[in-house]
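Engineer: Here it is, the structure, as structure tokens.
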Amino acid sequence: DSGVTQTPKHLITATGQRVTLRCSPRSGDLSVYWYQQSLDQGLQFLIQYYNGEERAKGNILERFSAQQFPDLHSELNLSSLELGDSALYFCASSVETPGNTIYFGEGSWLTVV
Amino acid sequence: GENVEQHPSTLSVQEGDSAVIKCTYSDSASNYFPWYKQELGKGPQLIIDIRSNVGEKKDQRIAVTLNKTAKHFSLHITETQPEDSAVYFCAASKPSRNALNFGKGTSLLVTP
Numbered sequence: 021d022s023g024v025t026q027t028p029k030h031l032i033t034a035t036g037q038r039v040t041l042r043c044s045p046r047s048g049d050l051s052v053y054w055y056q057q058s059l060d061q062g063l064q065f066l067i068q069y070y071n072g073e074e075r076a077k078g079n080i081l082e083r084f085s086a087q088q089f090p091d092l093h094s095e096l097n098l099s100s101l102e103l104g105d106s107a108l109y110f111c112a113s114s115v116e117t118p119g120n121t122i123y124f125g126e127g128s129w130l131t132v133v
Numbered sequence: 004g005e006n007v008e009q010h011p012s013t014l015s016v017q018e019g020d021s022a023v024i025k026c027t028y029s030d031s032a033s034n035y036f037p038w039y040k041q042e043l044g045k046g047p048q049l050i051i052d053i054r055s056n057v058g059e060k061k062d063q064r065i066a067v068t069l070n071k072t073a074k075h076f077s078l079h080i081t082e083t084q085p086e087d088s089a090v091y092f093c094a095a096s097k098p099s100r101n102a103l104n105f106g107k108g109t110s111l112l113v114t115p
């Protein structure tokens with residue numbers, strides 16, 4: 021158990037809908053990362069937050085947004101969902117310093133039908 | 004941005020043999036290179052990492068080597084066991100940015 025908690029574990033929704041994925045980082049970790057894993061694209065970095073502020077942005081679509089709350093949990097919002105958004109979404113956390121170990125949660129499996 | 008290439012994409016070895024997975028990176032500023040193991044239905048789990056001031060690191064049956072000049076690093080698993088079967092990912096990050104850039108993964112199958 022990495023200590024990173026993600027909910028829900030599985031989610032099925034229709035195209036055009038909006039969903040929210042939730043993440044609680046490991047105790048003491050200030051940085052939260054979101055990654056998308058699909059069969060053809062591997063693990064793609066979406067966005068990073070540190071202590072409530074956006075720190076780095078990767079290949080995140082404009083239809084997706086995220087935030088980190090004062091209690092350090094984070095949410096990833098996916099809107100106007102398309103079939104191609106079906107993927108495993110991972111949250112990860114780390115201590116702030118670059119080069120520190122990043123711990124991954126078990127993922128949220130999103131299926132868009 | 005950083006580009007991490009990983010080879011091979013699949014690897015099948017017999018139990019007891021060694022397995023080697025290789026990665027190259029494009030950004031010479033990268034200084035942190037972790038390896039993750041992902042089992043079916045689970046999140047990636049760190050198995051070993053190396054920093055740019057070190058050329059080799061070992062942890063029991065697992066070792067990682069880094070060649071900064073050539074910008075490549077490798078994972079070596081000796082005396083493989085069936086429970087080593089999983090997808091392995093290499094990654095790289097640089098000091099200005101902690102987020103990892105991952106290779107596309109290697110599916111390792113260890114047959115008894």
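Order-wise, the sequence lines are chains W and D. Each position in the first sequence, counted from 1, maps to that position plus 20 in the working numbering. Each position in the second sequence, counted from 1, maps to that position plus 3 in the working numbering. Positions of the beta carbon are idealized from the N, C-alpha and C atoms, including for glycine. These numbers were taken from a predicted model, which means no experiment stands behind them.
What does the Cβ neighbour count give for L111(D), buried or exposed, with the cut at 16 atoms within 10 Å?
Structural biologist: Mapped onto the second sequence, residue 111(D) falls at position 108. Per the 10 Å Cβ criterion, buried.
Engineer: Buried or exposed: where does D60(W) fall if 16 or more other Cβ atoms within 10 Å of its Cβ makes it buried?
Structural biologist: Here residue 60(W) corresponds to residue number 40 of the first sequence, with the count starting at 1. So D60(W) ends up on the exposed side.
Engineer: Starting from the beta carbon of F110(W), find every residue of chain D whose beta carbon is closer than 7 Å, and list them in chain order.
Structural biologist: To locate residue 110(W), count along the first sequence from 1; it is residue 90. Simply G46.
Engineer: Is the region 89-98 of chain D close to the region 35-44 of chain D, with three or more CB pairs under 8 Å?
Structural biologist: yes
Engineer: Look up S8(D) in the DSSP assignment and say whether it is helix, strand or coil.
Structural biologist: Locating residue 8(D) in the second sequence gives position 5, counting from the first residue. The sequence given here places Glu at residue 8(D); Ser does not occur at that position. E8(D) falls in the strand class under three-state DSSP.
Engineer: Looking at the C-beta of D52(D), does it have a partner C-beta in chain W at a distance below 8 Å?
Structural biologist: The residue given as residue 52(D) occupies position 49 in the second sequence. By this cut-off, D52(D) is an interface position.
Engineer: Could you have a look at D30(D) and say whether DSSP puts it in helix, strand or coil?
Structural biologist: Within the second sequence, numbered from 1, the residue matching residue 30(D) stands at position 27. It is coil, neither helix nor strand.
Engineer: DSSP has K80(D) in a bridge; who is on the other side?
Structural biologist: For this step, residue 80(D) is matched to residue 77 along the second sequence. The displayed chain sequence assigns Ile, not Lys, to residue 80(D). Looking at the DSSP assignment, I80(D) forms a beta bridge with A22(D) and I65(D).
Engineer: Looking at the unbroken beta strand (DSSP E) that takes in V90(D), where does it start and where does it end?
Structural biologist: Working through the second sequence from its first residue, we reach residue 90(D) at position 87. Run containing V90(D): A89 to K97, per the beta strand (DSSP E) assignment.
Engineer: Mind pulling the chain W residues with CB within less than 7 Å of K107(D)?
Structural biologist: Locating residue 107(D) in the second sequence gives position 104, where the first residue counts as 1. By Cβ distance, chain W contributes G62.
Engineer: Using CA atoms only, rank isn't needed, just tell me which of V24(W), T40(W) and G36(W) is closest to H30(W).
Structural biologist: What you label residue 30(W) is simply residue 10 of the first sequence in a count that begins at 1. When only C-alpha atoms are compared, the closest one is T40(W).
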